[in-house]
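Visitor:
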Amino acid sequence: MSKRVFISSTFLDLQDYRSAVREGIRQLGLEDIAMEHFGARDERPKEECLRIINNETDYFVGIYAHRYGFIPKKSKVSITHAEYLAASKTDVPKLIYIIDNEHPFPPKFIDDGEARAKLQTFKEQLHAKHICKSFSNKDNLTASVVADLGRTISIKSRSNLVGGGIPVRNIVSVSEKIPFDKPVDYWNETREKIYNDNRRIFLTHVIKPSQVKGQLYDVFIYLYRHKSDDFSDVKYAEFFLGPYWNNQIFQAVEENKGFIGISTSAYGTFLCVCRVTFTDNTQIEIHRYIDFEGAKMI
């Protein structure tokens, strides 16, 4: 049975965006659950939407622009907001997308007054609880949704676990600045050189308690591209984990759009070395220390 993706947003302002996302979801072999099935209007049946989120949804996609949405009688929040709150009470993975405020948008679809204030508060809550992606048109929105769903499904299918959100860590402020022994430009140029040398590709990993006897964690190691989900220029990646894995090289290709990686189980920390081969046959080598204390838990 196809996995079901619930698409939550206001309707009148985002019709074209929703259509593009629905088509992208279908191309992944998934089933979209959208208000279009209820007669395509902001005043969709709230209780039915919440029932579907609670009982029939595998993934939740929230798309938010400049409208707070329809508020039913005797309710303090809009239907769109209520859908998110319902999803938040479940273990369903939640993917959140918020429009770039710099992107021009039809004034008739931009709230003001109390609705605008409610929307701003809602967006602040989303940013506090999720890694939200911005979008400026239907194409980059669809590309992000498809890539994020593909990556989430790949990790989830390997772990057999319904993933939760990633906790947001607080950044501790430093009371005393350390003086630079080199100009600031040196540090920025060094960062940019690393970005360019790596083609902006890095390794990241997430963990979960292992179901394998004698192991502490199941580990998912995968490529992550800075500010992009496009891996179309990657032919394959080779992962080397060391003697415990009999010094084998594990090759991975793009399984779902936006995901190239491997999974394993481990008792202790280790270093992963990865060689990435591109379609033009150039290569880069990247590495990541696979720790358990600082890793994201799913």
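Going by our numbering, 375 is the number at position 165 of the sequence shown; the sequence numbering is gapless. Glycine is no exception: its CB is placed at the ideal position from the N, C-alpha and C atoms.
Check for me: the beta strand (DSSP E) holding H497 runs from which residue to which?
Guide: Here the beta strand (DSSP E) through H497 covers Q493 to I500.
Visitor: Go ahead and label I459 buried or exposed: buried means 16 or more other beta carbons lie within 10 angstroms of its beta carbon, across all protein chains shown.
Guide: The residue is exposed, with fewer than 16 neighbouring Cβ atoms inside 10 Å.
Visitor: Pick helix, strand or coil for F460, following the three-state DSSP scheme.
Guide: Three-state result, F460: strand.
Visitor: At which residue ranges does the segment 227-279 contain complete alpha helix (DSSP H) runs of 4 or more residues, listed in the order of the chain?
Guide: You should have 256-266.
Visitor: Taking the alpha carbon of F319 as the reference point, which residue from N350, A244 and T220 has its own alpha carbon closest?
Guide: Nearest C-alpha to F319: T220.
Visitor: Could you tell me how far apart the beta carbons of L359 and L413 are, in whole angstroms, since I believe they sit closer than 8 Å?
Guide: About 21 Å; that fails the 8 Å criterion.
Visitor: Take D501 and list the residues in its own chain whose beta-carbon comes closer than 7 Å to its own, dropping the five residues that flank it on each side.
Guide: So the list reads T479, once near-sequence residues are dropped.
Visitor: Consult DSSP for Y477 and reduce its assignment to one of helix, strand or coil.
Guide: Note: Y477 maps to coil in three-state DSSP.
Visitor: Report the rounded CA-to-CA distance for R410 versus K284, giving the unit in angstroms.
Guide: When rounded, the distance between both Cα atoms is 50 Å.
Visitor: Would G452 be called buried (16 or more neighbouring beta carbons within 10 Å of its own) or exposed?
Guide: Exposed is the call here.
Visitor: Take every Cβ of the segment 484-491, pair it with every Cβ of the segment 390-405, and state whether three or more of those distances are shorter than 8 Å.
Guide: Cβ pair count under 8 Å is below three, so no.
Visitor: Would you call the CB atoms of D223 and Y278 closer than 7 Å?
Guide: Contact: no.
Visitor: Applying the criterion that 16 or more other CB atoms from any shown protein chain within 10 Å of the CB defines a buried residue, is G234 buried or exposed?
Guide: It counts as buried.
Visitor: Looking only at C-alpha atoms, which of D349, T300 and E464 sits nearest to V444?
Guide: Checking every option, the nearest Cα to that of V444 belongs to E464.
Visitor: Is the separation between the beta-carbon of R361 and that of G468 shorter than 7 Å?
Guide: Against a cut-off of 7 Å, the Cβ pair of G468 and R361 comes out as a contact.
Visitor: Quick check on the burial criterion: 16 or more other C-beta atoms within 10 angstroms. Buried or exposed for T352?
Guide: That one is buried.
Visitor: Find out if the Cβ-Cβ distance for the pair H276, F315 is shorter than 7 Å.
Guide: A contact, by the Cβ cut-off of 7 Å.
Visitor: What residue from Q421, M245 and P393 has the CA that sits closest to E258's CA?
Guide: Checking every option, the nearest Cα to that of E258 belongs to M245.
Visitor: Just to confirm the assignment, what range does the alpha helix (DSSP H) spanning L329 have?
Guide: Residues G323 to K339.
Visitor: According to the neighbour-count rule (16 or more other Cβ atoms, all chains shown, within 10 Å of its Cβ), is T492 buried or exposed?
Guide: Result: exposed.
Visitor: What's the C-alpha gap between A447 and S346?
Guide: The straight-line gap from Cα to Cα measures roughly 31 Å.
Visitor: Below 8 Å on the Cβ atoms is my guess for I417 versus D407; work out the distance and round it to an integer in Å.
Guide: About 28 Å separates the two Cβ atoms, so there is no contact after all.
Visitor: By the three-class DSSP mapping on this structure, what secondary structure does L295 have?
Guide: L295: helix per DSSP, three-state reduction.
Visitor: Please list, in chain order, all residues of the same chain as Q225 whose beta carbon is under 6 Å from its beta carbon, the five residues on each side excluded.
Guide: Excluding positions up to five away in sequence, the list is empty.
Visitor: Rounded to whole angstroms, how far is the Cβ of I309 from the Cβ of Y274, which I believe are closer than 8 Å?
Guide: Confirmed, about 7 Å.
Visitor: For T290, count neighbouring C-beta atoms within 10 Å of its own C-beta (all shown protein chains included) and say buried if the count is 16 or more, exposed if not.
Guide: Result: buried.
Visitor: If you reduce the DSSP assignment to three classes, tell me which class I363 lands in.
Guide: Helix.
Visitor: Can you list, in chain order, the residues of its chain whose CB lies under 8 Å from that of K256, leaving out five sequence neighbours each side?
Guide: P282, S285, I289 and A292.
Visitor: Rounded to whole angstroms, what's the CA-CA distance from K343 to R498? Just pull it up for me.
Guide: Taking the straight line from one Cα to the other gives about 25 Å.
Visitor: In angstroms with no decimal places, state the Cα-to-Cα distance between N456 and E503.
Guide: Approximately 25 Å, taken between the alpha carbons.
Visitor: Just grab the DSSP bridge partners of R214 for me.
Guide: Note: R214 sits in a beta bridge opposite E241.
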